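Colleague: Every letter in the sequence shown is one number past the one before it in the working numbering, and letter 177, counting from 1, is 185.
Quick one: the structure is below, and I'll ask about it shortly.
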Amino acid sequence: MFVDEVKMKLIAGKGGDGCTSFRREKYISMGGPDGGSGGKGASIIFEASEGLKTLVDLKYHKIVKAPKGENGKGKNRKGANALDVVLKVPTGTTIIDDDTGLVLADLTRDGERVVCALGGRGGRGNVAFATHEHPAPSFSELGEPGEIRYVKCELKVLADVGLVGMPSVGKSSLLASVSFANPKIAAYHFTTLSPNLGVVELKNKKSFIIADLPGMIEGASQGIGLGDRFLKHASRTRILAHVVDMAGSEGRNPIEDYEIIRKEIVSYSEKLASKKEVIVANKMDMPGFQENLEKFKERYPDKEIFSISALTKEGLEPLINYLAETLEHLEVEQLYQDDEYESTIIYKFQNEKPYTITKEDGIWVIRGEEIEKLFHMTRFSEDEGVQRFARKLKGMGVEDALERLGAKKGDEVQILDYIFEFKD
Numbered sequence: 009m010f011v012d013e014v015k016m017k018l019i020a021g022k023g024g025d026g027c028t029s030f031r032r033e034k035y036i037s038m039g040g041p042d043g044g045s046g047g048k049g050a051s052i053i054f055e056a057s058e059g060l061k062t063l064v065d066l067k068y069h070k071i072v073k074a075p076k077g078e079n080g081k082g083k084n085r086k087g088a089n090a091l092d093v094v095l096k097v098p099t100g101t102t103i104i105d106d107d108t109g110l111v112l113a114d115l116t117r118d119g120e121r122v123v124c125a126l127g128g129r130g131g132r133g134n135v136a137f138a139t140h141e142h143p144a145p146s147f148s149e150l151g152e153p154g155e156i157r158y159v160k161c162e163l164k165v166l167a168d169v170g171l172v173g174m175p176s177v178g179k180s181s182l183l184a185s186v187s188f189a190n191p192k193i194a195a196y197h198f199t200t201l202s203p204n205l206g207v208v209e210l211k212n213k214k215s216f217i218i219a220d221l222p223g224m225i226e227g228a229s230q231g232i233g234l235g236d237r238f239l240k241h242a243s244r245t246r247i248l249a250h251v252v253d254m255a256g257s258e259g260r261n262p263i264e265d266y267e268i269i270r271k272e273i274v275s276y277s278e279k280l281a282s283k284k285e286v287i288v289a290n291k292m293d294m295p296g297f298q299e300n301l302e303k304f305k306e307r308y309p310d311k312e313i314f315s316i317s318a319l320t321k322e323g324l325e326p327l328i329n330y331l332a333e334t335l336e337h338l339e340v341e342q343l344y345q346d347d348e349y350e351s352t353i354i355y356k357f358q359n360e361k362p363y364t365i366t367k368e369d370g371i372w373v374i375r376g377e378e379i380e381k382l383f384h385m386t387r388f389s390e391d392e393g394v395q396r397f398a399r400k401l402k403g404m405g406v407e408d409a410l411e412r413l414g415a416k417k418g419d420e421v422q423i424l425d426y427i428f429e430f431k432d
């Protein structure tokens, strides 16, 4: 089964909890804290692999949850880090954040990796909080929650030349004739249900990859037929080889067929439409070819046209040599622009608060990534942990901000799903 698009929910592993422990040994008084920190939670990583050709392995994994880190223990024993989860995808796979639409990574090289959901750090044990002023802290942290992301994986096949054109014009036959590929060939439309790749080797030992993209019809760019699913695969190609049944063997008009597909390509993407194009006039072994070819050349005098017969293999060598020579002088285009990628730089502004406060149904609601992370990592069963949480909020200016907004003693304050009472 060929699968080229999958949506997934990624849940990275939570960090292990820190330990609250004190050294207790015979003849040793005032042993002090010895609670170890938790281990790091597992991250979720995508890795490109040349051995894969489809995303079918991910199709049945809608939710991927990574393991948590091991909890810390007494005697300063740190919890073990969880092993990262590695998901292998074909080269040519783009990972997109489904919420923002930004590209996380475009994996085009074998073994290339990207961390898409970061595991939480381990909570610190009470020994980590010991200071000269407070040598015996009786609190520790819980592990940090792992990152949660909704992603879309899109496969766009890696090929130098893409064969496009109407169904049954001979794209699969051409691919089979010039490469070692064995595409399915039959005398009915839409024989090709997934892109087929073949390696073309020249006499001078040079080679390039050619892709047979499934047949398109009018309206393909709007979702009619199969073309809309596979137009995106042409985006990585450097040359579009437009195959035309120049003999009109099914009673069709070659010029009309070309113009229909060209219109769909332009509608789908101006960038795709601007790629280098060559016309492959197929079926030169059939009657009516020469007459239609002359009309085509009259209509498009500036087009580069190669006459071939995929069946008899006549005219293939000049076409292959031209494609190989042209590829040598074409630069590899960047598929995505810099502003389409998710930035890894975090900008912090001096006057920007890391939280928001709103009043909803009489309750003061505090939202903010840092505050929510602090909340998740606090043990509210330990008095000193609660006091530290309150100090942190005060240090971030939350208490002052609430008072400025008009919060009174006894008002309810909500963080996530928990409600507290505001105290002066």
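We treat Cβ as the ideally placed atom computed from N, Cα and C, and that holds for glycine.
Bear in mind that the values here come from a model prediction, so they are computed numbers and not experimental data.
Which whole runs of the alpha helix (DSSP H) in the stretch 203-286 are 4 residues long or more, in chain order?
Modeller: 235-238, 262-276, 278-281
Colleague: Between 120, 294, 127, which lies nearest to residue 75 when the distance is taken from Cα to Cα?
Modeller: 127
Colleague: Going by the C-beta, is residue 408 closer than 7 Å to any heavy atom of the ligand SAM?
Modeller: The ligand content of the structure shown is nil, which means the ligand SAM is not present either.
Colleague: For residue 96 versus residue 16, is the C-beta spacing smaller than 8 Å?
Modeller: no
Colleague: Note the first and the last residue of the continuous alpha helix (DSSP H) segment covering residue 146.
Modeller: Boundaries cannot be given for residue 146, as no alpha helix (DSSP H) includes it and DSSP labels it neither H nor E.
Colleague: Any idea if residue 408 is buried or exposed, counting beta-carbon neighbours within 10 angstroms, 16 or more meaning buried?
Modeller: exposed
Colleague: Tell me which residue opens and which closes the alpha helix (DSSP H) that residue 328 is part of.
Modeller: 324-337
Colleague: Starting from the N-terminal side, write out each stretch of the beta strand (DSSP E) that is 3 residues or longer and does not extend beyond the stretch 370-414.
Modeller: Those beta strand (DSSP E) runs which fall completely within the stretch 370-414 and span 3+ residues are 371-375.
Colleague: When DSSP labels each residue in this structure, what does residue 428 get in the three-state scheme?
Modeller: strand
Colleague: In three-state DSSP terms, what is residue 11?
Modeller: coil
Colleague: In this structure, does DSSP put residue 58 in helix, strand or coil?
Modeller: coil
Colleague: Please tell me whether residue 335 and residue 246 are closer than 8 Å, where the distance is taken between their beta carbons.
Modeller: Cβ distance < 8 Å, so residue 335 and residue 246 count as in contact.
Colleague: Going by DSSP in three states, residue 289 sits in which element: helix, strand or coil?
Modeller: strand
Colleague: In the structure shown, what three-state DSSP assignment does residue 187 receive?
Modeller: Coil.
Colleague: Taking the continuous beta strand (DSSP E) assigned at residue 137, which residues delimit it?
Modeller: No beta strand (DSSP E) contains residue 137, which DSSP labels as neither H nor E.
Colleague: From which residue to which residue does the beta strand (DSSP E) around residue 121 run?
Modeller: According to the DSSP assignment, residue 121 belongs to the beta strand (DSSP E) that extends over 121-125.
Colleague: Three Cβ pairs or more, each shorter than 8 Å: is that satisfied between the stretch 109-125 and the stretch 75-85?
Modeller: no
Colleague: Which partner residues of residue 117 appear in the DSSP bridge assignment?
Modeller: Per DSSP, none; premise fails for residue 117.
Colleague: For a test of the three-state rule: what should DSSP assign to residue 29, helix, strand or coil?
Modeller: coil
Colleague: Can you give me the start and stop residues for the beta strand (DSSP E) that residue 163 sits inside?
Modeller: Here the beta strand (DSSP E) through residue 163 covers 156-163.
Colleague: Using the rule of at least 16 other Cβ atoms within 10 Å of the residue's Cβ for burial, across every protein chain shown, is residue 22 buried or exposed?
Modeller: buried
Colleague: Would you please state the rounded distance, in angstroms, between the beta carbons of residue 330 and residue 314? I believe it to be under 8 Å.
Modeller: 7 Å
Colleague: At which residues does the alpha helix (DSSP H) containing residue 345 begin and terminate?
Modeller: It is not in any alpha helix (DSSP H) - residue 345 carries neither H nor E in the DSSP assignment.
Colleague: Kindly confirm or deny that the stretch 247-256 and the stretch 286-299 touch, where touching means at least three C-beta pairs closer than 8 Å.
Modeller: yes
Colleague: From the DSSP output, in three-state form, read off residue 18 for me.
Modeller: strand
Colleague: Compare the Cα-Cα distances from residue 380 to each of 411, 423, 83 and report the closest residue.
Modeller: 423
Colleague: Going by Cα to Cα distance, which pick from 248, 273, 300 is closest to residue 261?
Modeller: 300
Colleague: Should residue 374 be flagged as near chain C, meaning a C-beta pair shorter than 8 Å?
Modeller: The question asks about chain C, but that chain is absent: this structure has only one protein chain.
Colleague: I'd like to check one pair, residue 92 with residue 157: are the Cβ atoms closer than 8 Å?
Modeller: Taking 8 Å as the Cβ cut-off, residue 157 and residue 92 do not qualify as a contacting pair.
Colleague: If you reduce the DSSP assignment to three classes, tell me which class residue 307 lands in.
Modeller: helix
Colleague: Please say whether residue 19 and residue 124 have beta carbons closer to each other than 8 Å?
Modeller: It is not a contact, given that the beta carbons lie outside the stated cut-off.
Colleague: Could you work out which residue in 110, 281, 240 is closest to residue 345 when comparing CA atoms only?
Modeller: That would be 110, whose Cα lies nearest to the Cα of residue 345.
Colleague: Is it true that the stretch 360-373 meets the stretch 130-142, where meeting means three or more beta-carbon pairs spaced less than 8 Å apart?
Modeller: no
Colleague: Please state the DSSP three-state secondary structure of residue 182.
Modeller: helix
Colleague: Helix or strand or just coil, what does DSSP make of residue 91?
Modeller: coil
Colleague: Distance check for residue 59 and residue 216, CA to CA, integer angstroms please.
Modeller: 18 Å
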